[in-house]
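J.:
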Amino acid sequence: MDERVSRIAGVGSHLPARILSNEEMSALVDTSDEWIRERTGIRQRHIAAEGETTADLAEAAARKALDHAGIDASDIDLIVLATTTPDFTFPSTATVIQARLGITQGAAFDVQAVCTGFVYAMSIADNFIARGQARNAIVIGAETMSRIVDWTDRTTCVLFGDGAGAIVLSGEEREGPNDPGVLASYLRSDGRFKDLLHVDGGPSSTQSVGHLRMVGNQVFRHAVTNIAESMTTIAGRAGVAIEDVDWFVPHQANQRILEGVARKLSIPTEKVISTVADHGNTSAASVPLALDRAIQDGRIKRGDLLLMEALGGGFTWGAALARY
Ligand code: UT7
């Protein structure tokens with residue numbers, strides 16, 4: 013039987029112009045550049061301007077991914093947008109992007125899996141393409157986390173930033189085992205851990221947006237364990253060894269999590285793409301932002317084997333393996 017594979021045809025990202033340094037952060041809450049860098053590796057984060065929304069960032073990233081892929085928006089028949097900070101309660105931010113790109117065919121919808129959102133969205137789009145339900149998809153992770161953090165809570169506000177990243181996935185017939193494309197994805201969730209990382213508001217419960225709340229040190233422990241488990245599971249399912257992976261493109265929550273996972277799985281840190289110092293935690297945007305940076309600077313090349321992973325509120329977590 014013919015098998016369809018989703019090839020990463022193009023990648024793009026966009027960050028708001030405004031940069032907020034750790035120094036500036038220490039004027040807002042009782043913190044210091046030293047504490048933030050030692051505990052997280054973060055040096056700065058980008059913050060959306062007044063009136064600049066998740067859709068604005070997502071649109072810019074999507075346009076760059078389309079350019080990079082050399083695909084016209086009129087050939088896109090699926091948009092899956094991962095965000096926890098949509099422009100509106102409804103309609104979905106994905107449909108806003110669809111209209112802005114002038115796309116009138118196919119389907120567009122948002123996915124809510126918080127920081128794991130991009131991995132979920134990519135897996136969904138890959139399944140649509142594999143089933144022949146879509147030909148070319150834009151998968152976007154876009155966030156304005158600055159709008160939901162509590163700017164008086166030093167334990168969370170120093171961690172997050174705004175941004176967007178996008179990929180274009182194109183369906184192609186698989187010809188050989190080393191073809192470029194998404195090889196496997198692995199999605200998990202366990203709702204018992206809701207209280208460790210959540211937003212304390214929403215349309216139905218409080219009729220308000222609410223603020224992000226996190227018991228950071230407990231999330232940290234789960235993150236290292238669950239991320240490492242998802243990476244070994246996906247590698248096992250795809251029949252590849254962790255050593256065969258060329259680049260690890262993780263969710264960027266904390267440099268110590270990246271290093272803890274790398275240590276656990278004996279991964280050389282040079283193979284781990286890290287952007288946390290410059291972007292902070294951009295939730296669903298962090299994986300495609302890191303992917304785009306490493307493609308732009310020439311580290312990731314066509315044919316390389318990539319392992320992407322994330323953990324976020326819910327908990328949700330998971331991984332995706334792709335040959336670029
Ligand atoms: O993206 C979704 C997944 N999210 C994550 O994976 C985040 C996981 N968690 C983390 O990255 C880390 O747990 C944090 C960076 C959030 C915190 O680091 P930690 O080493 O786990 O610190 P802690 O929460 O145990 O707090 C240590 C101390 C506390 O003071 P006491 O109780 O020891 O006196 C905190 O009050 O650090 C204090 N603290 C701060 N001090 C200065 C917490 N936040 C700050 C701050 N500045 N911003």
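Heads up: the sequence shown begins at 13 in my numbering, then just goes up one per residue.
For each residue, glycine too, the CB sits at the ideal point set by N, CA and C.
Is the beta carbon of S158 sitting closer than 9 Å to the one on I48?
T.: no
J.: In the DSSP assignment, what residue or residues form a beta bridge with S197?
T.: A332
J.: So P300 is in the alpha helix (DSSP H); what residue range does that whole segment cover?
T.: 298-308
J.: Please confirm whether any heavy atom of the ligand UT7 lies closer than 8 Å to the CB of R200.
T.: R200: no, Cβ never under 8 Å from the ligand UT7.
J.: Quick check: what's the CA-CA separation for A334 versus H291?
T.: 24 Å
J.: Measure the alpha-carbon distance for D309 versus P300 and round it to whole angstroms.
T.: 14 Å
J.: Can you tell me where the alpha helix (DSSP H) with F260 in it begins and where it stops?
T.: It is not in any alpha helix (DSSP H) - F260 instead sits in the beta strand (DSSP E) that spans 259-262.
J.: In the DSSP assignment, what residue or residues form a beta bridge with Q117?
T.: DSSP, once it has assigned bridges, lists no residue as partnering Q117.
J.: Between the alpha carbons of L171 and A265, how many angstroms are there, rounded?
T.: Each residue's alpha carbon lies about 8 Å from the other.
J.: Let me check understanding here. Comparing Cα to Cα, which of A77, A73, G326 lies closest to G203?
T.: The candidate whose alpha carbon is nearest that of G203 is G326.
J.: Which residues in the same chain as R147 place their Cβ atom closer than 6 Å to its Cβ, once the five residues preceding and following it in sequence are excluded?
T.: D89, G183
J.: Taking DSSP as the reference, what is the three-state secondary structure of I48?
T.: I48 falls in the helix class under three-state DSSP.
J.: Give the range of the alpha helix (DSSP H) segment to which H291 is assigned.
T.: 288-291
J.: With distances taken from CA atoms, which of M320, Y336, L69 is nearest Y198?
T.: Comparing Cα positions, the closest option is M320.
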